[in-house]
Amino acid sequence: MKKIPLPTSDEKLLAQCDVETFRSGGKGGQHVNKTSSAVRLRHRPSGITVTCRQERSQHRNKAICVKNLRAKIERLNVVPARRIKTRVPMRVKEKILDSKTKDSIKKKLRSKPRGEDA
3 MKKIPLPTSD
13 EKLLAQCDVE
23 TFRSGGKGGQ
33 HVNKTSSAVR
43 LRHRPSGITV
53 TCRQERSQHR
63 NKAICVKNLR
73 AKIERLNVVP
83 ARRIKTRVPM
93 RVKEKILDSK
103 TKDSIKKKLR
113 SKPRGEDA
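In the numbering used here, each residue carries its 1-based index in the sequence shown increased by 2.
Here is the structure:
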């Protein structure tokens, strides 16, 4: 995946986003029910969406959204280290074969016994 360029300032990051406010509901009583305090940021270049409705203030929710968006983009930009393949140890191979043998014996014992002259 391509790295997403991340601006250094919050203002530049907000300029790249669509900001949508809406009524949040939940705790806060009449104040929350009447004001559009919840914020949803959609980062246009990457399509990442972040929503915050935990505070009663729209400004605080926007600040939390920007912080969460920045953290999300930074997490996506981290490239995981490549795994170096290693050989399966001989002891592990022996253990696998031993368990297969035990399983096959267990299943053979489930069958009906065969009579010699039947």
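Note that beta-carbon positions come from the ideal geometry of N, C-alpha and C, so glycine has one too.
- Annotation for VAL94: the continuous alpha helix (DSSP H) segment containing it runs 92–112.
- Exclusion of the five residues before and after ARG42 leaves GLU22 and THR53 as the residues of its chain whose Cβ lies within less than 6 Å of its Cβ.
- For VAL68, the closest alpha carbon among the candidates ARG25, ARG93 and HIS45 is that of HIS45.
- GLU22: member of the beta strand (DSSP E) spanning 19–24, first to last residue.
- DSSP places VAL52 in the uninterrupted beta strand (DSSP E) bounded by 51–54.
- Comparing alpha-carbon positions, the option among LYS95, SER39, ILE50 and GLY28 lying closest to ALA65 turns out to be SER39.
- Taking C-alpha positions only, GLY28 is separated from MET92 by approximately 59 Å.
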